[in-house]
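Taken in order, the sequence shown gives residues 76 to 220; the numbers are from the working numbering.
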Amino acid sequence: MKRGQAALEFLMTYGWAILIVVVVVAALFAMNVFNPGAFIGETASGFASFTASGWSYSQAGGVNITLGNKIGSQITITNVDFISGGTTVSDASANILGPNAEQAYSVAGLPALTQGAQYSTEVQITYTWQGQTKYDNGVISGKVS
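Written out as structure tokens, the structure is:
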């Protein structure tokens with residue numbers, strides 16, 4: 076067998092296998108399998124005195140969130156700051172929350188994002204408890220709806 080024939084047989088045998096691997100990798104890439112952000116769900120972390128539920132981030136830069144009182148006694152939330160992409164938007168409406176009570180907050184004016192994009196927004200809560208001003212911070216993240 077000549078060297079040229081051996082090289083051609085090698086390419087024919089393994090060339091098809093390499094082509095199949097390339098096609099499979101391209102198909103997986105097209106299905107967004109290699110994007111770790113596709114597997115990230117909504118998360119809320121860092122809140123010590125509050126629960127966060129039902130939050131969303133709109134394409135126009137609006138955030139909705141429901142905050143719950145975990146302290147066990149009455150508090151007054153005096154300000155809620157939302158920070159994303161270097162922009163801070165505040166909801167300064169004073170709300171009195173009893174133990175385990177919840178209050179919905181909604182703001183607009185954060186950076187606009189495309190649908191399905193990942194976001195991470197810091198939430199800073201200022202509240203009074205037993206006459207003292209306290210602070211709590213957390214982060215909400217997920218995909219833009």
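Note that beta-carbon positions come from the ideal geometry of N, C-alpha and C, so glycine has one too.
| Item | Value |
| --- | --- |
| Cβ atoms of E177 and T141: under 8 Å apart, would you say? | yes |
| With a Cβ-Cβ cutoff of 8 Å, do K209 and G191 count as a contact? | no |
| Name the one or two DSSP bridge partners that Q134 has. | For Q134, which the question treats as bridged, DSSP gives no partner whatsoever. |
| Going by DSSP, what residues sit across from L185 in a beta bridge? | DSSP lists no partner for L185. |
| Considering only residues of the same chain and omitting the five flanking positions on each side of S128, which have a CB-CB separation below 6 Å? | T141 |
| Please give me, in chain order, every unbroken run of the beta strand (DSSP E) with length at least 3 that falls completely inside the region 76-133. | 118-120 and 125-132 |
| What are the boundary residues of the beta strand (DSSP E) that includes K218? | Q207 to K218 |
| Compare the beta carbon distance of A119 and I215 with 8 Å and say whether it is the shorter of the two. | yes |
| What does I146 pair with, by DSSP beta-bridge criteria? | I146 pairs with nothing; no bridge assigned. |
| Which two residues bound the contiguous beta strand (DSSP E) that contains Q193? | Q193 to W204 |
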